[in-house]
Ligand SMILES: [Mn+2]
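Residue numbers (the numbering used here): 1253 to 1731.
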């Protein structure tokens, strides 16, 4: 492809020349003759001429498929140049904003007069990679500090939250990697082990060992790190740790020697991908597979709380991971016992105005409830699901939606925060309330009425005039 660039700044010319060659056949139009001569002597394809004259472009053989780049350094308006290009038949025109004048307002000004012209700001084009590079060196310094701090420990514990999910386990593997340790010297542990079938399948397929930790055994470790969770989660059991790496909102009330908490990240594995990259540690196929699966599952394949960095981490890990294994882990979601609860919800549930509500009765494990809520969200014509079940003496409610006009987290908080714990995101939320409090607040005597009552609550919530949408609120409970 041919490219004509109207530039007056030597640095810009040399940069464009280097970037566009050899993919483009590039020629520069320069006003300043001595500069044109100098560039010509340096081997740059350049002609001297007045870019405000149409015949300059005709002479340069401008055609409709020639790409034209016009530098705008803010000193002199390039409007006459744009007119000349247009009169000469140019259609693929870009203005390259250089310097402080390259603002969004400037872009709008051009757009108003020349709607076909695209405005590119140099700072935007180069800013991203440059900032990534600089923040990587900050991360590098941080990681090297905690690596040193952990280096003389005999036994390290990498602690996960209860019922560890893919992100917790993948982060455990990744941190072990960053610390350059083996499973003998860095134990991945949790107080309550894994229960969900898909997570158990991950453990088996990737041969991950999560050790059960007792409060007493914490003393046996020289250093304790936490990933995907912060100490407050353990309710006073641990108030001081050596390292915390997490993507949940930062919590007060504990001390950590080193801490990397980034609440705007979609997964802890995203943070750890950056740590691994910053210190140039090799990522094994097993770890990459676990991390890729973790990012996919924590962001619901980029459906919630996803950041540019999550997508970047995903594309970095993708070629290193075993995608077939991930498909196999995902397939584990469907089990016969889960199908029993799907059937139960289907039989007793109601679908009204694209809202599915179901009550599962007593469930031996909590994961049946979000599973059924997710399941019915896939059904044609379902936009919201609210599924509840009784675990122990608590009613657990899972809320999911596809229609983004109302916030699932807000629904959970509105009705349940005063009698239990409730929270979540725009598209998924959860509430856990004592059964007795639920019965009293909502005046439900018969268990059979629970589903119907929930249906009424969602109906009420969805038909209220929409309040001004608040910014996404952080999750306060694990959904
Ligand atoms: Mn997570």
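Note that CB positions come from ideal geometry on N, CA and C, so glycine has one too.
The structure presented is a predicted model; accordingly, all values stated were derived computationally and were not measured.
Per DSSP, reduced to three states, the secondary structure at residue 1343 is coil, with no helix or strand assignment. Using a Cβ-Cβ distance cut-off of 8 Å, the segment 1574–1582 and the segment 1614–1626 are not in contact, since fewer than three pairs of beta carbons, one from each stretch, lie closer than that value. Counting C-beta pairs closer than 8 Å gives three or more between the segment 1391–1398 and the segment 1503–1516, which meets the contact rule.
For residue 1508, the CB contacts under 6 Å within the same chain, skipping 5 residues up- and downstream, are 1493, 1496 in chain order. Sixteen is the threshold: when 16 or more other Cβ atoms of the shown chains lie within 10 Å of the Cβ of residue 1590, as they do, the residue is buried.
Within the model, the alpha-carbon separation for residue 1712 versus residue 1693 is close to 16 Å.
The segment 1477–1487 and the segment 1413–1432 touch, with no fewer than 3 CB-CB distances between them shorter than 8 Å. Taking non-hydrogen atoms of ligand 1 into account, the C-beta of residue 1520 is found less than 6 Å away from one of them. Proximity of the segment 1430–1441 to the segment 1348–1364 falls short of the contact definition, fewer than three beta-carbon pairs being nearer than 8 Å.
By the 16-neighbour rule on beta-carbons within 10 angstroms, residue 1545 is buried. Between residue 1299 and residue 1279 a beta carbon distance of about 7 Å is seen, short of the 8 Å cut, so the two are scored as contacting. With a cutoff of 7 Å on beta-carbon distance, residue 1310 and residue 1288 are scored as not near each other.
For residue 1548, the three-state secondary structure derived from DSSP is helix. Take the alpha-carbon of residue 1669 and the one of residue 1689: they are about 11 Å apart. The beta carbon of residue 1637 sits closer than 6 Å to the beta carbons of 1608, 1625, 1628, 1629, 1652 from its chain, once the five residues preceding and following it are set aside; these are given in chain order. Across the structure, residue 1585 and residue 1389 are spaced so that their CA atoms are roughly 39 Å apart. If you draw a straight line from the Cα of residue 1631 to the Cα of residue 1474, it comes to about 51 Å. Remark: C-beta atoms of residue 1561 and residue 1522 approach each other more closely than 7 Å. Looking at the DSSP output, residue 1653 bridges to 1636. The beta-carbon distance between residue 1350 and residue 1323, rounded to whole angstroms, is 6 Å. This is short enough to meet the 8 Å contact definition. Contact between residue 1612 and residue 1646 fails: their C-beta atoms lie close to 13 Å from each other, not under 8 Å. As for any alpha helix (DSSP H) of minimum length 4 sitting wholly inside the segment 1310–1394, the runs are 1331–1339, 1356–1365, ordered along the chain. When DSSP states are grouped into helix, strand and coil, residue 1277 belongs to the strand group.
In the DSSP assignment, residue 1536 is bridged to no other residue.
A straight line joining the alpha-carbon of residue 1260 with that of residue 1660 spans about 55 Å.
One thing to note: residue 1472 has its Cβ no nearer than 7 Å to the Cβ of residue 1483.
Secondary structure remark: continuous beta strand (DSSP E) runs of at least 3 residues inside the segment 1660–1697, in chain order: 1673–1676, 1680–1686.
Under the DSSP assignment, residue 1411 falls in the beta strand (DSSP E) whose first and last residues are 1408–1411. The C-beta distance from residue 1710 to residue 1663 rounds to 7 Å, short enough to meet the 8 Å contact threshold. Annotation for residue 1628: no beta strand (DSSP E) segment contains it, though the alpha helix (DSSP H) segment containing it runs 1620–1629. Annotation: the continuous beta strand (DSSP E) that includes residue 1603 extends over 1602–1604.
For residue 1489, there is no enclosing beta strand (DSSP E), as DSSP marks it with neither H nor E. Between residue 1369 and residue 1347, the C-beta spacing is below 7 Å. For the pair residue 1402 and residue 1431, the CB atoms are nearer than the 7 Å cut-off. In the DSSP assignment, residue 1426 falls within the unbroken alpha helix (DSSP H) covering 1418–1430.
Considering only 1470, 1468, 1446, 1466, the residue with the shortest C-alpha distance to residue 1460 is 1446.
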